[in-house]
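Asks: The opening residue of the sequence shown carries number 138 in this note's numbering; numbering runs sequentially from there.
Cβ atoms here follow ideal geometry from the backbone N, Cα and C, with glycine treated the same way.
Pasting in a structure now, in structure tokens, and then I'll have a few things to ask.
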Amino acid sequence: MESDAHQVTKEDFRLLNNAVWTPDGDYLIARKHFTSGRSLGAGEMWMYHITGGSGLQLTKRKNDQQDVNEPYASPDGKYLYFCEDVYPGGYFQYNKDPNSQIYQVRRYDMETGEVSGVTGGPGGACRPDYFK
Numbered sequence: 138m139e140s141d142a143h144q145v146t147k148e149d150f151r152l153l154n155n156a157v158w159t160p161d162g163d164y165l166i167a168r169k170h171f172t173s174g175r176s177l178g179a180g181e182m183w184m185y186h187i188t189g190g191s192g193l194q195l196t197k198r199k200n201d202q203q204d205v206n207e208p209y210a211s212p213d214g215k216y217l218y219f220c221e222d223v224y225p226g227g228y229f230q231y232n233k234d235p236n237s238q239i240y241q242v243r244r245y246d247m248e249t250g251e252v253s254g255v256t257g258g259p260g261g262a263c264r265p266d267y268f269k
């Protein structure tokens, strides 16, 4: 166990989970969890420097019910991949059509901040990972 362990975030209310390190080891990227009166919640991707602080918001939740999850930093550090609920309607639904697109792997460009879809079509996608 490291003797220099320390708190990395100054978050005092929201839950942070699914944290991953950037390839340079200087930052953690995590899903910040937001809840509303009814839903299981939604998330945003936030980045925190290893020295600590309040963090940098990378993505903005589109509503209080559709979620993002499972961040993955590309080995070259240029992109952050994550999955997002893109099902139409703008709210969480238990009875989704499994033959339409539900989750999509999305890519955040660390230089420009642009978010784009990587997967698409019927079904869904989750747990983005690097392929060679």
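Using DSSP with H/G/I as helix, E/B as strand and the rest coil, what is Met247?
Replies: coil
Asks: Among Asp161, Gly192, Pro225, His170, which one has its Cα closest to the Cα of Gln144?
Replies: Gly192
Asks: The beta strand (DSSP E) spanning Lys147 covers which residue range?
Replies: From DSSP, Lys147 is part of no beta strand (DSSP E); its letter is neither H nor E.
Asks: Should Tyr81 be labelled buried (16 or more other beta-carbon atoms within 10 Å of its own) or exposed?
Replies: Nothing about residue 81 can be reported from this structure: the residues present for the chain run from 138 to 269 only.
Asks: Decide yes or no for the touch test of the region 196-203 against the region 221-230: beta carbon pairs closer than 8 angstroms, at least 3 of them.
Replies: yes
Asks: Of all the beta strand (DSSP E) runs that stay within the bounds of the region 212-266, which reach a length of 3 or more residues?
Replies: 216-222, 240-246, 252-254
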